[in-house]
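Colleague: I'd like to ask you about the structure that follows.
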Amino acid sequence: MIGLMACEKEAIESDPVMPGNYSNGFNNELLASRIVNETYAKYSEMTDKDFFNVINPIKNQLVENKQLNTDKSGEAIPLGDIFFFYEGTINAIHAHILDPNDEIDSYFSTFEVPIFEEDGKYFIETSDYNSFYSEILDNIDTEINVDSNQYLILADLSLTNVSSNSATINVMLGVGTAASSSMNFTYTPGGEVHGSNKAGWCGASNTQGVDAMNFISSYLNGLSTTANLVCNANETKALILKGTWKLEDINQNTTIFGNGFQIGNYYWQSYTNSCIGNNSDTYDNEAQWMNWYNKSTQNLPAVKSYFTAQTGFQDMEFLYAQLFAYSSGNNFANANGRNFHHPGWYFFGKAYCDQ
1 MIGLMACEKE AIESDPVMPG NYSNGFNNEL LASRIVNETY AKYSEMTDKD
51 FFNVINPIKN QLVENKQLNT DKSGEAIPLG DIFFFYEGTI NAIHAHILDP
101 NDEIDSYFST FEVPIFEEDG KYFIETSDYN SFYSEILDNI DTEINVDSNQ
151 YLILADLSLT NVSSNSATIN VMLGVGTAAS SSMNFTYTPG GEVHGSNKAG
201 WCGASNTQGV DAMNFISSYL NGLSTTANLV CNANETKALI LKGTWKLEDI
251 NQNTTIFGNG FQIGNYYWQS YTNSCIGNNS DTYDNEAQWM NWYNKSTQNL
301 PAVKSYFTAQ TGFQDMEFLY AQLFAYSSGN NFANANGRNF HHPGWYFFGK
351 AYCDQ
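At position 323 of the sequence shown the residue is numbered 323 (full-length UniProt numbering), and the sequence of numbers has no breaks.
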């Protein structure tokens with residue numbers, strides 16, 4: 001029986017994270033990495049049309065019956081395909097366009113799924129996939145409150161461990177919630193805003209509930225695929241997450257990107273909860289905000305190139321970012337005593353449109 005082992009809102013701890021890419025020396029985890037990486041390599045040049053030729057029959061069955069037909073094909077599913085075609089199918093059915101103004105959370109669950117090995121390849125029976133998919137649906141229903149204006153941005157499936165008869169699969173749900181503030185964060189603010197802790201506008205009282213991160217996040221996500229992917233009329237979109245980069249002030253980024261490139265130089269950090277903007281000078285106010293807006297995008301090409309090299313997908317896309325406005329005492333590394341900062345995660349992958 002497939003069991004839901006853990007479900008909680010938590011932080012992604014590793015940096016960087018490739019789905020199923022772990023290197024702590026345990027053979028089962030290395031096998032999980034190999035299965036997913038071989039799947040990515042196999043399908044890295046697949047066209048949108050070919051992709052949907054595979055997933056449309058899957059999608060139609062899941063939409064109609066909430067399960068695959070076990071009496072027709074009877075064929076087991078290659079385990080690696082779960083993290084490509086079947087992940088894309090889940091998002092094609094359930095994911096929605098991201099509003100950059102909205103708040104973003106991530107929820108994580110772990111499942112144990114029965115599998116079997118044949119000639120060095122690993123498979124999941126259709127009936128076992130149906131049980132797994134049913135629990136994913138339950139998970140979506142549990143974590144997403146439609147009455148509270150919540151919706152699914154993206155579901156990501158990660159293979160973390162493989163044994164002879166069982167696979168451990170982590171499921172991340174990226175969830176959007178309609179912004180509680182009436183402020184439209186897609187516009188440059190007209191003055192100074194505290195950088196962190198929802199401390200509100202500088203020099204004004206009773207304005208708590210917003211900070212500079214809200215505006216920077218909205219600008220950044222306004223450029224993302226999940227906010228802008230519009231397939232033609234009657235076409236279905238499907239998203240696949242291939243890499244998550246933890247954004248924090250750590251110098252080891254230079255060893256990955258080279259040339260002294262440090263991601264931590266390109267997001268807001270401060271020793272105090274200082275303000276961004278200028279209440280008395282319109283031009284300087286605009287310049288300060290555009291400086292941080294532009295900086296928020298300057299990491300994207302480097303991270304995209306890294307994940308392209310790791311997966312073989314030449315058309316890797318920036319799916320969205322989840323940023324935070326933190327003071328000290330959180331789980332993100334923070335160098336040089338700068339206790340207020342905007343860490344978070346960049347999510348990269350591939351988007352397909354049915355053609």
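Even for Gly, the Cβ is constructed at its ideal location relative to N, Cα and C. Quick caveat, the model's predicted, so the values are computed rather than measured.
1. Run through DSSP, which three-state label would W268 get?
2. Under 7 Å Cβ to Cβ from S163, same chain only, skipping five residues before and after it: list those, please.
3. Under three-state DSSP, which class holds L220?
4. So the candidates are F83, I216, E103, S205; which of them puts its Cα closest to the Cα of A155?
5. What span of residues does the alpha helix (DSSP H) with P114 cover, start to end?
6. Go ahead and label M316 buried or exposed: buried means 16 or more other beta carbons lie within 10 angstroms of its beta carbon, across all protein chains shown.
7. Please state whether DSSP places E29 in a helix, a strand or coil.
8. Excluding five sequence neighbours on each side, which residues of the same chain lie with their C-beta closer than 7 Å to the C-beta of Y43?
9. Please give the ranges of any alpha helix (DSSP H) in the region 29-75, keeping only runs that are unbroken, at least 4 residues long and fully inside the region.
10. Identify which residue in D50, H341, L173 has its Cα closest to the Cα of N273.
11. On a Cα-Cα basis, can you pick out the residue from E117, P78, F347 that is closest to K246?
12. Mind checking whether L159 and A32 have CB atoms under 7 Å apart?
13. Which of helix, strand or coil does DSSP assign to residue 361?
14. By Cβ distance below 8 Å, which residues in the same chain neighbour D48 in space, the five residues on each side in sequence not counted?
15. Throw me the rounded Cβ distance for the T177 and S148 pair, which I believe falls under 8 Å.
16. Determine the DSSP secondary structure at F347, reduced to helix, strand or coil.
17. Curious, which full-length alpha helix (DSSP H) runs of at least 4 residues does the region 266-313 contain?
18. L137 lies in the alpha helix (DSSP H); which residues open and close that run?
Modeller: Taking the geometry as given:
1. Looking at W268 - three-state DSSP - the assignment turns out to be coil, as it is neither helix nor strand.
2. Only residues of its own chain outside the window of five on either side were considered, and among them N28 have a CB closer than 7 Å to the CB of S163, listed in chain order.
3. It is helical.
4. The residue with the shortest Cα to Cα distance from A155 is F83.
5. Where P114 is concerned, there is no enclosing alpha helix (DSSP H), although the beta strand (DSSP E) it sits in stretches over 103-114.
6. With 16 or more other Cβ atoms within 10 Å, it is buried.
7. It is helical.
8. Excluding residues within five positions, the ones whose Cβ falls inside 7 Å are F84.
9. If only complete runs of 4 or more residues are kept, the region 29-75 shows the alpha helix (DSSP H) at 48-65, in order along the chain.
10. Nearest of D50, H341, L173 to N273, Cα basis: H341.
11. Of the candidates E117, P78, F347, F347 places its Cα closest to the Cα of K246.
12. Yes, they are a contact pair.
13. The structure shown does not extend to residue 361, since the chain spans only 1 to 355, so no value can be given for it.
14. Correct list, in chain order: Y352, C353, D354, Q355.
15. Contact between T177 and S148 holds, with the beta-carbon distance rounding to 7 Å and staying under 8 Å.
16. Reduced to three states, the DSSP call for F347 is strand.
17. Counting whole runs of 4 or more residues, the region 266-313 contains the alpha helix (DSSP H) stretches 282-298, 300-311.
18. That run of the alpha helix (DSSP H) goes 126-143.
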